[in-house]
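Asker: Position 66, counted from 1, in the sequence shown is what numbering that gives the first Met the number 0 calls 65; the numbers after and before it change by one each time, with no gaps.
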Amino acid sequence: MSRRLFLSPLLPLLLPLLLPMLLAGCGNTNQAPAGVQGDPARGRIALAQHACRACHMIPGVTGSEVYVGRTLDDLGDRQYIGGRLPNTQANLVRWIREPQAIDPGTAMPAAMGVSERDALDMSAYLLTLKK
């Protein structure tokens, strides 16, 4: 009997046991930093849905490899957002939703259509990114 045929009936039984172990290697999306609200795992999905990888390199978010905007791989370690705002979750949510109101000269587009909830979750994920 081939190994493939042998594992087929067992796969539905093993998957619930193996899935947490497989997902554990997908980055630090399970825990938001202390004091941060929102759901980092949902934020990672929202970053993909809003095509943030069209301009930014974001670890854990699928998309093309681009170098238009700054990489966000260490956003949780930065002192400032957009070179202007102290790096707090409230400021990051505001920057995600209305960057042109903060810096009219920024290349980041104004009308991304990101809801408050998505921005909160996106910021929770981005603040987990540290070197």
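All C-beta atoms, glycine included, are put in the ideal place defined by N, C-alpha and C. Since this is a predicted model, take the numbers as computed values, not measurements.
Tell me the DSSP bridge mates of P32?
Answerer: In DSSP, P32 forms no bridge with anything.
Asker: Whose C-alpha, out of P32, R43, A50, is nearest the C-alpha of G59?
Answerer: It is R43.
Asker: Once the 5 residues before and after R96 are set aside, which same chain residues still bring their CB inside 6 Å of it?
Answerer: Hits under 6 Å: V113, A118.
Asker: In chain order, what residues of the same chain have a beta carbon less than 7 Å from the beta carbon of L74, not counting five sequence neighbours either side?
Answerer: Excluding sequence neighbours, L74 sits near L125, L126, L128.
Asker: Indicate the three-state DSSP secondary structure (helix, strand or coil) for P85 in the structure shown.
Answerer: It is a strand residue.
Asker: In the DSSP assignment, find the alpha helix (DSSP H) that holds Y124 and state where it starts and stops.
Answerer: Where Y124 is concerned, the enclosing alpha helix (DSSP H) stretches over 115-125.
Asker: So for I101, helix, strand or coil by DSSP?
Answerer: Note: I101 maps to helix in three-state DSSP.
Asker: Rank V35, Y66, C54 by C-alpha distance to the C-alpha of M111 and give the top, closest one.
Answerer: Selected option, being the one with the closest Cα: C54.
Asker: Cβ of Q99 within 9 Å of Cβ of N86?
Answerer: No; because the gap between Cβ atoms is not below 9 Å, this pair is not in contact.
Asker: Please state the DSSP three-state secondary structure of I57.
Answerer: Residue state, collapsed to three classes: coil.
Asker: Are M107 and G81 touching if we call contact CB-CB under 9 Å?
Answerer: Closer than 9 Å, so yes.
Asker: Could you tell me which of P103, A89, I101, D102 sits nearest to Q36, measuring between CA atoms?
Answerer: Among P103, A89, I101, D102, the Cα nearest to that of Q36 belongs to A89.
Asker: Assuming R41 and D120 are in contact, meaning their beta carbons sit under 8 Å apart, how far apart are those beta carbons, in whole angstroms?
Answerer: Confirmed, Cβ separation roughly 4 Å.
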